[in-house]
Structure formats: C-alpha cells, structure tokens
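Accompanying notes for the structure given below.
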Ligand code: PHE
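Quick look at the structure:
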C-alpha cells in the first residue's frame, strides 16, 4: 500500500525519481528486500505462506517499477527529440566539391596515352643552362629565340626554359638508345597576349632507334590525335624549321568543331595548329654522344594550354592560370 501511494506520487517522466523508487523498495536495503530477509526468523510452518505473500509482493512491485522505468525512458527520448528536432525530409546542404583543372586533365590524358605505348616520362627542370635550352639543340648564338626579348634570363647562361626540348638532351646524355620518352612541363617566354602567356605548358616527345623514319612520327601523332580529338580527325604536316630537327614540320589537326568547314575556333581555316615536330637532326645526336650513323629518331612538342583552349573554347590563355572561381567552376 505504501508503495502504491508513493508510485502514484512519483513523476513517471523523471528517470531519476523512478530509479530512486526502485532502490527504495527493491535495492539491497530496500523495503521488499527487508521483508525477504525476515524469513529467517520465522518458524517452519509460517515460512511457506509468508514467502508466498512476499514473493507476490515482490513480483507486483517489480512489474510496476519496470513499467515506470519504460515510461520514464520514453519520456526522456521524446524530450530529446523535441529539443533537437531534425526534419529529415528537408533537403540537405550540399558539400561544394572541386573538380580537376582542364590543363591537368589534358596532361594526365597525354601521360596515360604515351605510358601505354611504352614511353618513359621525364619532367625535366624549369631552369636550364644555355647548353640544354639552345646550344646542344643546334641553336646558333644569333638565333632570335636567344634574344632577351624572348627569353627570361636568370643569369648570363642560365634561364627559365623556353621549351621542353632541353629535356631531350638530358635524357639522351643519360640513356642509351633505343628509347622513347615524353617530357611534359612548364615553359616560359617573354610573351603576353590573348593566346600567348609568359608561362604555359608543353609536352615533348622523343623516339630514338634504328630505322626510325618520318612515317613513324606521322603514325604515332595520328593515333595520338585520334585519342585527344576523336576517331574522325585528320592530321596534316606543313614544312617548317627548327634547328634541332631536319626535316621539320608543323602539325595541324582537322577542326573537330566544324568538321573542317571553317569556324571561330579554327579561324575559318578548318585546321587547328597543334605543334612542331621532325626527325632528330644528326648534330643533336653528336652533341649527346649518340651514334648518328646508326640511330635515327623523331621529336615533337606541343602546347597543352592550346589543346585545353581548343577543347573548351577558352578565348584567353590567361584564364587557365588566373585561378578565378567563376572560370574554374565551369569544369
Ligand atoms: N620546341 C619547339 C617549340 O617550342 C617544338 C618542337 C619540339 C619542334 C620538338 C620540333 C621538335 O616550338
């Protein structure tokens, strides 16, 4: 009876109050526990009846308390939910994810392609000496590209590389043919307009073996252009001049945007200029200690920025390095 009265007065939504009630009646020194302990002082005849009664009491109190605990727990949960209410039907707040840079994409694609064809990758170095950037590449002292107007000099004979071709020399000095390699990297020129930036990226290629011909060069570049611009593109090679290749050519690819009919991207010509190439000049082999009688080779070099610009119709080269979020978030 005492328990019933007290239970009626207990706040059943209060976990602590319910627990106190449990301890008071069922705990080690609780009232019901005390009654059980008194069994010992009873006579054998009295015990069964007494035991039965106390047991019934214990079961009743336990059940009532278990129920009360449940009620209290439920109340506590409801309280928690109400205070920190989360509406799971509301749309979430998106996490802003970055994306890869268009130049990075082009570069990775090129490396993947040539790696699959068994080419080694050499990133070279951004600062070169006169020997690697010009002299070993058969570029005479009076060549216009050596002019202060065109080259960023660090010192008299030290400069920011104006092309990745110097990496050819480093590679040939340290490897014996046959070999094939590419050299992607940054290059620097005193230039600044919509299509020329003081810093841009090139990728060099070099293949040296016995019996390598211009036909091999055309074949490799054709397959490469198919990879970059799609199966239908055509290539064309226009005679040109570079001190380190002979013969030299400028390679164009048919415009993928107008199908060669002429549009803004190809300036109405139907062709897009991709880069320079040619058969390695024997003088370059001699400068690197490679037997020019035994070996022949081809080399090519093209601008990564230019490829990215053609692909995405980017009107200004400077956008690629300006780090403007409005530009970058479009890719
Ligand atoms: N280095 C040349 C340039 O920067 C490109 C080129 C590379 C041409 C290799 C021929 C062979 O324009």
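Residue numbers (full-length UniProt numbering): 10 to 340.
Using N, Cα and C, we set each Cβ at its ideal position, and we do this for glycine too.
Please read all numbers here as calculations on a predicted model, not as lab measurements.
Does at least one heavy atom of ligand 1 sit under 7 Å from the Cβ of residue 286?
Yes, ligand 1 has a heavy atom inside 7 Å of this Cβ.
Under the assumption that residue 286 contacts residue 230 (Cβ atoms under 8 Å), give the Cβ distance between them as a whole number of angstroms.
Between residue 286 and residue 230 the beta-carbon gap is near 7 Å, inside 8 Å, which marks them as a contact.
Rounded to the nearest angstrom, what separates residue 73 and residue 88 at their Cα positions?
Straight through space, the alpha carbons of residue 88 and residue 73 are spaced by roughly 23 Å.
Taking only runs that begin and end inside the stretch 99 to 185, name each unbroken alpha helix (DSSP H) of 4 or more residues, in chain order.
Positions of the alpha helix (DSSP H) runs, each at least 4 residues long and wholly inside the stretch 99 to 185, are given as 111 to 125, 139 to 142, 175 to 183 in order along the chain.
Less than 8 Å between the CB atoms is what I'm expecting for residue 132 and residue 194, so what's the real figure, rounded?
Rounded to the nearest angstrom, the Cβ distance from residue 132 to residue 194 is 5 Å, consistent with a contact under 8 Å.
Please specify which runs of the alpha helix (DSSP H), each continuous and at least 4 residues long, are wholly inside the stretch 244 to 301, giving them in chain order.
Whole alpha helix (DSSP H) segments, 4+ residues: 291 to 296.
What do you get for residue 319, buried or exposed, if any count of 16 or more other CB atoms within 10 angstroms of its CB means buried?
Classification of residue 319: buried, given that the 10 Å Cβ count is 16 or more.
Can you tell me whether residue 139 is buried or exposed, with buried defined as 16 or more other CB within 10 angstroms of its CB?
The residue is buried, with at least 16 neighbouring Cβ atoms inside 10 Å.
Coarse secondary structure for residue 193, derived from DSSP in three states:
Note: residue 193 maps to strand in three-state DSSP.
Roughly how far, in whole angstroms, is the beta-carbon of residue 295 from the beta-carbon of residue 219, given that I think they are within contact range, below 8 Å?
Incorrect: roughly 17 Å between the Cβ atoms, too far for contact.
Using 8 Å as the limit for Cβ to Cβ distance, is residue 319 near chain D?
Among the protein chains of the structure shown there is no chain D, as only one such chain exists.
Under 8 Å, do residue 313 and residue 211 count as touching if we go by C-beta distance?
A contact, by the Cβ cut-off of 8 Å.
Could you tell me whether the Cβ atoms of residue 306 and residue 215 are closer together than 8 Å?
It is a contact, given that the beta carbons lie within the stated cut-off.
At a cut-off of 7 Å, would you count residue 257 as near ligand 1, judging by its Cβ distance to the nearest heavy atom?
Checking the Cβ of residue 257 against ligand 1 gives yes.
Examine ligand 3 and report whether any of its heavy atoms sits within less than 7 Å of the Cβ of residue 152.
Because ligand 3 does not appear in the structure shown, any question about it cannot be addressed here, the ligands present being ligand 1.
Can the beta-carbon of residue 196 be found less than 8 Å from the beta-carbon of residue 173?
Result yes, Cβ atoms of residue 196 and residue 173 sit closer than 8 Å.
When burial is assigned at 16 or more other CB atoms within 10 Å of the CB, is residue 162 buried or exposed?
With fewer than 16 Cβ atoms within 10 Å of its Cβ, residue 162 is classed as exposed.
Look at the alpha carbon of residue 384 and the alpha carbon of residue 135, and state the distance between them as a whole number of angstroms.
Here the chain has residues from 10 to 340 only, and residue 384 is not among them.
Which one of 121, 227, 142, 311 has the shortest CA to CA distance from residue 175?
Minimum Cα distance to residue 175 is reached at 142.
For ligand 1, is there a heavy atom less than 7 Å away from the beta-carbon of residue 197?
Outside the cutoff, so no.
Among all the DSSP beta bridges, which residues are the ones paired with residue 208?
Under DSSP, residue 208 forms a beta bridge with 197.
Would you report the Cα separation of residue 152 and residue 275, rounded to the nearest angstrom?
Rounded to whole angstroms, residue 152 to residue 275 spans 30 Å at the Cα level.
Can you grab the Cα-Cα spacing for the pair residue 188 / residue 266, in whole Å?
So the alpha carbons of these two residues sit roughly 36 Å apart.
I'd like the list of long-range same chain contacts for residue 283, defined as Cβ closer than 6 Å, with 5 residues on each side in sequence excluded.
Correct list, in chain order: 260, 262, 311.
Considering only C-alpha positions, which residue in the set 226, 22, 321, 268 is nearest to residue 85?
The residue with the shortest Cα to Cα distance from residue 85 is 22.
Residues in its own chain within less than 8 Å of residue 297 by CB, not counting five upstream and five downstream?
Take residue 297, set aside five residues on each side of it, and the residues of its chain with a beta-carbon closer than 8 Å to its own are 145, 178, 181, 182, in chain order.
Does ligand 1 have a heavy atom nearer than 7 Å to the CB of residue 138?
It does not: the Cβ of residue 138 is nowhere closer than 7 Å to a heavy atom of ligand 1.
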